[in-house]
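First residue of the sequence shown: 0, per the working numbering; consecutive thereafter.
Even glycine gets a Cβ: it sits at the ideal position worked out from N, Cα and C.
Here the structure is a predicted model, which is why all the values come from computation and not from measurement.
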Amino acid sequence: MASNAPNTTVACPQCRQPVAVHLEQLVDAGADPGAKQRLLKGQLNLLACPLCGQTSMLGTPLVYHDPAKELLLTFVPMELNMRLQEKENLLGSLTRQVVSRTPADQRKGYLLRPQEMLSMQNLINRILEADGITPEMLDTQRAKLQLLQDLLKADASALPALIEQRDAEIDMPFVQILGALLQRATGNGAAEQDTAGRLAALSEQVAQYSTIGRSASHQTKVLEEVAEELQALGTNLTRDTLLQLVCANPDELRVRAVVTLVRQLVDYEFFVGLTKQIDKAAGEQRKQLEAARQVILDAVARSDAAAKAQGTAAAQLLQALLQAPDEAAAVREALPEISDVTLAVLNQNIEAAKKSGQKDAIARLEQLRATIMAELDASTPPALRFINDLLQSETPEAAAELLRNRSAELNEELLQSMIELAHDLEARGHADMCAKLKEYHGLAQRELSLAKWR
Numbered sequence: 000m001a002s003n004a005p006n007t008t009v010a011c012p013q014c015r016q017p018v019a020v021h022l023e024q025l026v027d028a029g030a031d032p033g034a035k036q037r038l039l040k041g042q043l044n045l046l047a048c049p050l051c052g053q054t055s056m057l058g059t060p061l062v063y064h065d066p067a068k069e070l071l072l073t074f075v076p077m078e079l080n081m082r083l084q085e086k087e088n089l090l091g092s093l094t095r096q097v098v099s100r101t102p103a104d105q106r107k108g109y110l111l112r113p114q115e116m117l118s119m120q121n122l123i124n125r126i127l128e129a130d131g132i133t134p135e136m137l138d139t140q141r142a143k144l145q146l147l148q149d150l151l152k153a154d155a156s157a158l159p160a161l162i163e164q165r166d167a168e169i170d171m172p173f174v175q176i177l178g179a180l181l182q183r184a185t186g187n188g189a190a191e192q193d194t195a196g197r198l199a200a201l202s203e204q205v206a207q208y209s210t211i212g213r214s215a216s217h218q219t220k221v222l223e224e225v226a227e228e229l230q231a232l233g234t235n236l237t238r239d240t241l242l243q244l245v246c247a248n249p250d251e252l253r254v255r256a257v258v259t260l261v262r263q264l265v266d267y268e269f270f271v272g273l274t275k276q277i278d279k280a281a282g283e284q285r286k287q288l289e290a291a292r293q294v295i296l297d298a299v300a301r302s303d304a305a306a307k308a309q310g311t312a313a314a315q316l317l318q319a320l321l322q323a324p325d326e327a328a329a330v331r332e333a334l335p336e337i338s339d340v341t342l343a344v345l346n347q348n349i350e351a352a353k354k355s356g357q358k359d360a361i362a363r364l365e366q367l368r369a370t371i372m373a374e375l376d377a378s379t380p381p382a383l384r385f386i387n388d389l390l391q392s393e394t395p396e397a398a399a400e401l402l403r404n405r406s407a408e409l410n411e412e413l414l415q416s417m418i419e420l421a422h423d424l425e426a427r428g429h430a431d432m433c434a435k436l437k438e439y440h441g442l443a444q445r446e447l448s449l450a451k452w453r
C-alpha cells in the first residue's frame, strides 16, 4: 500500500499557482503492486496544475518496501535540504510503519537495515535489479524503443529500405516489444485506434522486410502446417501416430512445433519409442533422428522451465492481489500481467481449498476470481466480448438464437475478427474450439445477410 502524508499546497513550477496535493511517502509492493508500478512509470506524486496544465513529479522523502525481495529502501531528495535529525525522524517513522504492518513471524533482518539511495534513479535501478533487470538490459530496451520511434517516424515509401538498413538491430526482443505495444494499443479500443493502426502497419513491414520477420513468418507457416496435420489425425492422434509424424519428417522447426502444440504427448514413453526408431535406423536417417531427439529434449526443457516460471510469477501476483487493500484497483492495475496461467493457478488453489475444506479461503479466492473476470470483461474490446459470449453457446441452435437477438452488433469487422481468432486457435492446436468458431462464423455471416433485408 502507499502511505499518504497530510495534504499540502505546492506552487506550480510553471505558473506558481497554488495546487493542493497529497504525497505518497511509503510504497509497499507486497500490499499494493499498483503503487510499485506507478513509481516505476514515474506516475507517483504527480502535481497536475488545473490552471496551466503543467504536470511534474514532486520531490518527497520515500520509503520503498518489497517483502518478496527482502528490500527496504529509503530516499530523500537532496534539493529538500532536510536537516539530519529531521530526515532520520521522518524515515524512522515510515520504516516503523513497515515493521508494524509485517506479521511477527515474517519480520527479518533486512527490516532493521534500510538501504539509503542517493537519487531517484538509483532507487529505480535497485528495484529493477531485484527483479532481475540489469542496467545493461535497460539500455538495450531504451535502444529498441528508440529504434521503434525511428521506424514509426519514417515515410511509408522509405520504410522498407530503413528496415533493411537497420536489420541487425531488429531482433526477437524488438519484435516482442512491438507486439506488446500493439496488443496494449488494440486493447484500449478507440482511444488508441490510430496508434494501433500505425503499429500494425509497422509490424507487417517488419515481418516482410527484416530477417527476423521473414524467419518468424516461416516458423508460423510451419506451425500452422503441423497443426493442420495434427488436426487431421483427430481422435487417431496418439503417441504412436505422433512418433510416425516426427520420424517421417524430422525437420527441426517441425519437431519444435510438435512440442509447442502437443507437449502432453511428448513424455517418457514417446522418447522410448523414438529411441527404438533410432536404433533401427542407419546412416543419414539415424543422424537426422538423433538430431531430432536432441531438439525435442531441448524444446521440452525450455517449455517446462517457461511453464514453471509462469506458474511461480502467477502465484506471486495472486498473493499480492489477495493482500491489496483495494482489490478491484489492484486487479485493474495488474490486468496486463493476468494471463490464462494466472487463472489456471487461481482455479487450482480454489480446488485445493475445497478438498481441504477451507471455507474462508474458498470464499476469498472465489471473490478474487469474480473480481478478475469482471475487470477482464470490462477491459475486453466489444468484438472479442461478443465472440466470447458466442462461444459460450453449447449448440448451434443456441448460437443462432444469440446471433438473432444481437444482430445489431454484427458487422464485417466482427466477422473478420472471428476468422482471425479461428486461425490463431488452429495454430495453437485448439482444433475443437477452432471448428466451433468456424461453424458459428457461418451462422453469423448468414444472420448478417438476413439482417440487411429486414
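*Within 8 Å, strictly: CB atoms of serine 302 and arginine 238*: no
_Beta-carbon within less than 6 Å of serine 2's beta-carbon, same chain only, minus the 5 sequence neighbours each way: which residues are those?_
Reliability of the predicted coordinates at serine 2 is poor, the pLDDT of 49 falling under 50, and no value is obtained from them.
_My assumption, with CB atoms under 8 Å, is that leucine 161 sits in contact with leucine 151. Please give the rounded CB distance._
11 Å between Cβ atoms; not a contact.
_Can you give me the C-alpha to C-alpha distance between asparagine 385 and lysine 437, rounded to a whole angstrom?_
Per the sequence shown, the amino acid found at residue 385 is phenylalanine instead of asparagine. Near 15 Å, if we compare the C-alpha coordinates of lysine 437 and phenylalanine 385.
*Which of the three DSSP states, helix, strand or coil, is assigned to threonine 185?*
helix
*Distance, Cα to Cα, lysine 354 vs threonine 311?*
22 Å
*Which word fits alanine 179, buried or exposed, when buried means at least 16 other C-beta atoms lie within 10 angstroms of its C-beta?*
exposed
_Distance between glutamine 36 and methionine 0 (C-alpha atoms, nearest Å)_ = Because the pLDDT of methionine 0 is 49, which lies under 50, any placement of that residue in the model is unreliable, and the question is left without a value.
*If you drop the 5 nearest sequence neighbours on each side, which residues of the same chain put their C-beta closer than 7 Å to that of glutamate 251?*
Val294
*Whole angstroms is fine: what's the gap from aspartate 104's alpha carbon to glutamate 128's?*
27 Å
_In the DSSP output, what is valine 9 paired with across the bridge?_
Val18
*Measure the alpha-carbon distance for alanine 314 versus leucine 364 and round it to whole angstroms.*
12 Å
*Indicate the three-state DSSP secondary structure (helix, strand or coil) for arginine 254 in the structure shown.*
In the sequence as displayed, the identity of residue 254 is valine instead of arginine. Helix at valine 254.
*Using CA coordinates, which residue listed in Val62, Glu412 and Asp423 is at the minimum distance from aspartate 27?*
Val62
_By the three-class DSSP mapping on this structure, what secondary structure does aspartate 454 have?_
Given a span of 0 to 453 for the chain in the structure shown, any question on residue 454 remains unanswerable.
*Ignore the nearest five residues each way along the sequence and tell me which others in lysine 435's own chain have a CB closer than 8 Å to its CB.*
Leu390
_alanine 19, buried or exposed, once every other Cβ within 10 Å from all chains shown has been counted against 16_ = exposed
_Within the stretch 364 to 416, ranges of the alpha helix (DSSP H) (whole runs, at least 4 residues)_ = 381 to 390 and 395 to 404
*Around the Cβ of methionine 417, are there at least 16 other Cβ atoms within 10 angstroms (buried) or fewer (exposed)?*
buried
*Could you spell out where the alpha helix (DSSP H) holding serine 202 opens and where it closes?*
192 to 208
*Thinking just about the alpha-carbon of each residue, which of Met171, Met432, Cys14 and Gly196 is nearest to the one in serine 216?*
Met171
_Three-state secondary structure (DSSP) of methionine 0_ = Confidence in methionine 0 is poor, its pLDDT being 49 and thus under 50, which makes the residue's placement unreliable; the coordinate value appears in the next sentence. Three-state DSSP puts methionine 0 in coil, outside helix and strand.
*Would you mind sorting threonine 59 into buried or exposed? The rule is 16 or more other CB atoms within 10 Å of its CB.*
buried
*Exposure label - proline 134; buried when at least 16 CB within 10 Å*: exposed
*Note down the Cα distance separating glutamine 276 from histidine 440, rounded to an integer number of angstroms.*
43 Å
_Bounding residues of the beta strand (DSSP E) (the contiguous stretch that carries leucine 320)_ = Here leucine 320 belongs to no beta strand (DSSP E); instead the alpha helix (DSSP H) covers 282 to 322.
*asked:* At the level of alpha carbons, what is the spacing between aspartate 278 and glutamine 207?
replied: 42 Å
*If you draw a straight line from the alpha carbon of proline 335 to that of glutamine 309, how long is it in whole angstroms?*
14 Å
_Straight-line Cα distance separating histidine 21 from cysteine 11_ = 14 Å
*How long is the line joining the alpha carbons of alanine 280 and aspartate 431, rounded to whole angstroms?*
36 Å
*Mind checking who methionine 432 pairs with in its DSSP beta bridge?*
Answer by DSSP bridge pairing: none, since methionine 432 is not bridged.
*Under the three-state reduction of DSSP, which class applies to alanine 247: helix, strand or coil?*
helix
*Could you check if aspartate 138 is buried or exposed, using at least 16 other CB atoms within 10 Å of its CB as the buried criterion?*
exposed
_Threshold first: 3 residues or longer. Then list the beta strand (DSSP E) segments lying entirely within the stretch 27 to 114, N to C._
45 to 47, 54 to 56, 61 to 65 and 70 to 74
*glycine 272, enclosing alpha helix (DSSP H) - first and last residue*: 267 to 279
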